[in-house]
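Below you'll find the structure, written out as structure tokens, and then a few comments.
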Amino acid sequence: MSPAMRIGLPFAVVAIVLVAWEIAVRASHTQGLVPLPSGVVHSALALTEDGTLFSALGSSLERVVIGFAIAAAIGIPIGLAIGTVPVLDRTLRPVLDGLRGVAPIAWIPMAILWLGVRGDAALFVVAYAAVFPFILNTSEAARRIPRSLFHAAESLGAGRLLLIRSVVLPGALPFVFTGARIAMAFAWGSIIAAELAIGIKVQTARRAVAGIGQLMVDTLYVRRDVDALVLYMIVIGIVSFLIDSGLRRAQARLMPWTQR
Amino acid sequence: MDAAMSKPIIRLDAVSKTFQAPRGGGMVEALREISLDVRPGEFLSIIGPSGCGKSTLLSLVAGFLSPSAGEILFEGKPITGPAPERGVMFQDYALFPWRTVIGNIEFGPFARGVGRRARRDKAGELAELVGLKGFEDRYPHELSGGMRQRCALARLLANEPKVWLMDEPLAAVDLQTRIILQDELLRLWGDGVESADRPTVVFVTHGIDEAVLLADRVVVLARRPGRIKAVIDIDLPRPRAPLRSVPEVARIVDQLWSVIRDEAAMAIAEEGN
Ligand SMILES: Nc1ncnc2c1ncn2[C@@H]1O[C@H](COP(=O)(O)OP(=O)(O)OP(=O)(O)O)[C@@H](O)[C@H]1O
Ligand SMILES: [Mg+2]
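Protein chains in written order, with the working numbering: chain A, -9 to 250; chain B, 408 to 680.
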């Protein structure tokens, strides 16, 4: 197969499916319930032009990034601590497992009660969702570092601090990064859920903090625009793909020794 | 001989080590009342059946473990923990996967606070000395087994330790590589050079011929609980590398084998049931 064919063929297949879809929807008069490919493109252009899409995306991403950072700042030290100190592991693990069993979404009413609907509630849910992958992966990572590496470092003259800096941290890093990727996926997933849940209230209060989830609620109940809904779903998929490949690339850059 | 007269650099005095087996499995007596003087500058080999406590003995001297009973002295003072004066080479290499060859070699000087330039220069020289020139920027996973072993050796040398504690360092490489590394090890240690400040080597091995070829004395441990079964002087001239094919070596290997054969057979029989 020639390179042109290899790239061209999938595109052609997708194009044919979309055209067929468009024709089927128009013929069956299901517009308004089933999205039209042309409508999605149209929505994309309109919502990009008036800035709605990017401002919503921006405020969602902002919460994801802040929530993710908070989760990392809390989760990595806790993970390192329980991964290296068995007593802490035994005492904290049941508590953590219990907390982990409560789905992040279940916290939304509480979060709204405590933090209001300005977006802080969503931030709380995001941080909560992302903290567990950090804790679990970091503790597992710290536990998995071979004893002989600690022994080697000690017999070469490393003290406690250097052991942490030069053995525990780099030894745990690849796993922590895996945790970060999971945490990011959780964070991005739960921001949408949280915003969906909080959405209506924000709209009635006319807050200017709407994220992409709020926008979806608005689109569903107020504008009733199925094409825009699908556009948002596509955007959510693209963004999470971009974030994950960014993290993977960062891993390759930061940890050349993990490349096989 | 004055080496025998001088004070021991390491003294084990009735050292025992008992482990609490994991998951409540009772006690494992790994070593029982080991008494041994290691002379400064000597090459001491330790052999014995699998599980007889060779690694445990080395870990005790390294300071990774402390004895359940008895005392271990280094230059007259009790060992309280690991220290750079007692360098260790591990059977599984224990190279830092996230450090390059140079980064691994310079770790000791780095940990002891040697400046960047000085430790880099030194690491470069050592890489060349052990035959890793051109591989300085490789990561351990990009090296062959023999090269990793050289890297581990260079890392140990970088600290200029008085004692080299080596746990089956050549067990995981192929025969040709092993022969080459044995010769290089002897050369780096100072085989055939009478020198007062030559490092002291405690070398655990499975290979009787390896022990005979390298060592001044061979300590034979009995199977669990590990006790000293025999200490045998190897009165072969140095340098040793050229002696590889001399009949005398084979004769001593035979003699040593007869000492440990029963132990080995019984250890195997015990493993079977
Ligand atoms: N941390 C530990 N906890 C419990 N038991 C241990 C521990 N370390 C060693 N042992 C036990 O002590 C005994 C001696 O172990 P050691 O590793 O010193 O033997 P070895 O002579 O080095 O064996 P090999 O030749 O297979 O390397 C073994 O029975 C082992 O199971
Ligand atoms: Mg061993």
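Note that the Cβ used here is the ideal one computed from N, Cα and C, for glycine as well. Just so you know, these numbers come straight off a predicted model, no measurement behind them.
- Message: With three or more C-beta pairs closer than 8 Å as the rule, is the segment 9 to 22 of chain A touching the segment 164 to 174 of chain A?
- Response: As far as the Cβ criterion goes, the segment 164 to 174 of chain A does not touch the segment 9 to 22 of chain A, which means the pair count is below three.
- Task: With hydrogens ignored, establish whether the beta-carbon of Ala618(B) is closer than 7 Å to any heavy atom of ligand 1.
- Result: In the second sequence, the residue the question calls residue 618(B) occupies position 211. No - ligand 1 has no heavy atom lying nearer than 7 Å to the Cβ of Ala618(B).
- Out of Leu146(A), Ala119(A) and Val30(A), state which residue places its alpha-carbon closest to the alpha-carbon of Leu86(A). Locating residue 86(A) in the first sequence gives position 96, where the first residue counts as 1. The residue with the shortest Cα to Cα distance from Leu86(A) is Ala119(A).
- Three-state class that DSSP yields for Gly477(B) in the structure shown: Counting from one through the second sequence, the residue named residue 477(B) turns up at place 70. Collapsing the DSSP output to three states places Gly477(B) in a strand.
- Is the beta carbon of Gly494(B) less than 8 Å from the beta carbon of Pro568(B)? Looking up residue 494(B) in the second sequence gives position 87. Looking up residue 568(B) in the second sequence gives position 161. Closer than 8 Å, so yes.
- Task: Pick out whichever of Ile64(A), Ala162(A) and Arg137(A) has its Cα sitting closest to the Cα of Gln498(B).
- Result: Within the second sequence, the letter at position 91 stands for residue 498(B). The shortest C-alpha separation from Gln498(B) is found at Arg137(A).
- Going along chain B in order, which residues have a C-beta closer than 7 Å to the C-beta of Pro(-7)(A)? Counting from one through the first sequence, the residue named residue -7(A) turns up at place 3. Correct list: empty, because the minimum Cβ distance to chain B is about 32 Å.
- Message: Cutting at 6 Å between CB atoms, please list the residues of its own chain near Ile72(A), excluding the five before and the five after it.
- Response: Reading the first sequence from its first residue, position 82 is the one you call residue 72(A). Shown here for Ile72(A): same chain residues with a beta carbon closer than 6 Å to its own, the five before and five after excluded, namely Leu78, Asp79, Leu82 and Ser129 in chain order.
- Does Ala183(A) get closer than 8 Å to chain B when you measure Cβ to Cβ? As a working note, residue 183(A) is residue 193 in the first sequence. Ala183(A) does not count as touching chain B.
- Task: To the nearest angstrom, report how far apart Trp571(B) and Ile182(A) are at their CA atoms.
- Result: In the second sequence, counting from the first residue as 1, residue 571(B) sits at position 164. In the first sequence, counting from the first residue as 1, residue 182(A) sits at position 192. One alpha carbon belongs to Trp571(B), the other to Ile182(A), and they sit about 59 Å apart.
- Query: Under 7 Å from any heavy atom of ligand 3, does the C-beta of Ser230(A) make it?
  - Reply: This structure lacks ligand 3; its bound ligands are ligand 1 and ligand 2.
- Item | Partner residues on chain B for Glu39(A), Cβ-Cβ distance less than 7 Å | In the first sequence, counting from the first residue as 1, residue 39(A) sits at position 49. Simply none; closest approach about 48 Å.
- Task: Show which residues of chain A have a CB atom less than 7 Å away from the CB atom of Gly515(B).
- Result: As a working note, residue 515(B) is residue 108 in the second sequence. In chain order: Leu146 and Gly147.
- Task: Counting only runs of 3+ residues fully inside the segment 464 to 551 of chain B, write out the beta strand (DSSP E) ranges in chain order.
- Result: Fully enclosed beta strand (DSSP E) runs of 3 or longer: 476 to 481 and 493 to 496.
- 8 Å Cβ shell around Arg214(A) - same chain, five flanking residues per side excluded: On the first sequence, position 224 is the one that residue 214(A) refers to. Hits under 8 Å: Gly22.
- Task: Using a Cβ-Cβ cut-off of 8 Å, state whether Leu139(A) counts as contacting chain B.
- Result: Indexing the first sequence from 1 puts residue 139(A) at position 149. Leu139(A) belongs to the set of residues whose beta carbon lies under 8 Å from a beta carbon in chain B.
- Task: Would you decide whether Ser442(B) is buried or exposed? Buried here means 16 or more other CB atoms lie within 10 Å of its CB.
- Result: What you label residue 442(B) is simply residue 35 of the second sequence in a count that begins at 1. With fewer than 16 Cβ atoms within 10 Å of its Cβ, Ser442(B) is classed as exposed.
- Taking 8 Å as the CB-CB limit, is Val445(B) close to chain A? Translated into positions along the second sequence, residue 445(B) becomes position 38. Not flagged as an interface residue toward chain A: Val445(B), since no C-beta distance is shorter than 8 Å.
- Which residues DSSP lists as bridging Met573(B), in chain order: In the second sequence, residue 573(B) corresponds to position 166, counting from 1. According to DSSP, Met573(B) bridges with Met496(B) and Phe610(B).
- Using a Cβ-Cβ cut-off of 8 Å, state whether Val495(B) counts as contacting chain A. Sequence index remark: in the second sequence, residue 495(B) carries index 88 (1-based). True, the Cβ-Cβ gap to chain A drops below 8 Å.
- Message: As an exercise, report each continuous beta strand (DSSP E) stretch of at least 3 residues that is fully enclosed by the segment -4 to 60 of chain A, in chain order.
- Response: If we require 3 residues or more, the segment -4 to 60 of chain A turns out to have no beta strand (DSSP E) run fully inside it.
- Query: Any residues in the segment 616 to 630 of chain B with a beta carbon nearer than 8 Å to a beta carbon of chain A? Which ones, in chain order?
  - Reply: Going along the segment 616 to 630 of chain B in chain order, one finds no residue with a Cβ nearer than 8 Å to chain A.
- Message: Let me check you understand the geometry: is the CB of Gly614(B) closer than 7 Å to at least one non-hydrogen atom of ligand 1?
- Response: Your numbering for residue 614(B) matches position 207 in the second sequence. Checking every heavy atom of ligand 1 against the Cβ of Gly614(B), none is found closer than 7 Å.
- So is the beta-carbon of Ala428(B) under 7 Å away from any non-hydrogen atom of ligand 1? Counted from its first residue, the second sequence places residue 428(B) at position 21. At least one heavy atom of ligand 1 is nearer than 7 Å to the Cβ of Ala428(B), so yes.
- Using the DSSP secondary-structure output, state which residues sit across from Asp208(A) in a beta bridge. Indexing the first sequence from 1 puts residue 208(A) at position 218. In the DSSP assignment, no residue is bridged to Asp208(A).
- Task: Look at the alpha carbon of Glu39(A) and the alpha carbon of Pro27(A), and state the distance between them as a whole number of angstroms.
- Result: By 1-based counting over the first sequence, the position of residue 39(A) is 49. By 1-based counting over the first sequence, the position of residue 27(A) is 37. Their backbone Cα atoms lie some 18 Å apart in a straight line.
- Message: Along the segment 499 to 530 of chain B, where does the CB come closer than 7 Å to a CB of chain A? Name the residues.
- Response: When CB distances to chain A are screened at a threshold of 7 Å, the residues of the segment 499 to 530 of chain B falling below it are Asp499, Ala501, Phe503, Pro504, Trp505, Phe514, Gly515, Ala518 and Arg519, in chain order.
- Status (buried if at least 16 other CB within 10 Å, exposed otherwise) for Ala187(A): Mapped onto the first sequence, residue 187(A) falls at position 197. Here Ala187(A) is buried, its C-beta having at least 16 other C-beta atoms within 10 Å.
- Can you list the residues of chain B that Pro84(A) reaches, using a CB-CB cut of under 8 Å? Counting from 1 along the first sequence, the entry for residue 84(A) is found at position 94. In chain order: nothing, as chain B lies at least about 19 Å away.
- Message: Can you confirm whether the segment 54 to 61 of chain A touches the segment 132 to 147 of chain A when touching is taken to mean that 3 or more C-beta pairs between the two stretches lie within less than 8 Å?
- Response: No, the segment 132 to 147 of chain A does not touch the segment 54 to 61 of chain A.
- Write down the C-beta distance between Leu221(A) and Val30(A) rounded to the nearest angstrom, noting that I regard them as a contact closer than 8 Å. If you number the first sequence from 1, residue 221(A) lands on position 231. If you number the first sequence from 1, residue 30(A) lands on position 40. Rounded to whole angstroms, the Cβ separation of Leu221(A) and Val30(A) is 5 Å, and the two are in contact under 8 Å.
- Closest residue to Gly69(A) among Phe167(A), Ala143(A) and Ala46(A) (Cα-Cα distance): Position 79 of the first sequence, counted from the first residue, corresponds to residue 69(A). For the options Phe167(A), Ala143(A) and Ala46(A), the alpha carbon positioned closest to that of Gly69(A) is the one of Phe167(A).
- Report the neighbours of His613(B) on chain A: residues whose CB is nearer than 8 Å to its CB, in chain order. What you label residue 613(B) is simply residue 206 of the second sequence in a count that begins at 1. Result: empty, since nearest Cβ-Cβ is about 18 Å, beyond 8 Å.
- Message: By the DSSP assignment, the alpha helix (DSSP H) with Arg214(A) in it spans what residues?
- Response: By 1-based counting over the first sequence, the position of residue 214(A) is 224. For Arg214(A), no alpha helix (DSSP H) run applies, since DSSP gives it neither H nor E.
- Task: Below 7 Å CB to CB, which residues in the same chain sit around Leu465(B) once its five sequence neighbours on both sides are set aside?
- Result: On the second sequence, position 58 is the one that residue 465(B) refers to. The beta carbon of Leu465(B) lies closer than 7 Å to those of Leu572, Asp574, Val609 and Val611 in the same chain, with the five residues before and after it left out.
- Query: Beta-carbon separation of Arg645(B) and Asp598(B) under 8 Å?
  - Reply: By one-based count along the second sequence, residue 645(B) stands at place 238. By one-based count along the second sequence, residue 598(B) stands at place 191. In this structure, Asp598(B) lies closer than 8 Å to Arg645(B) by Cβ.
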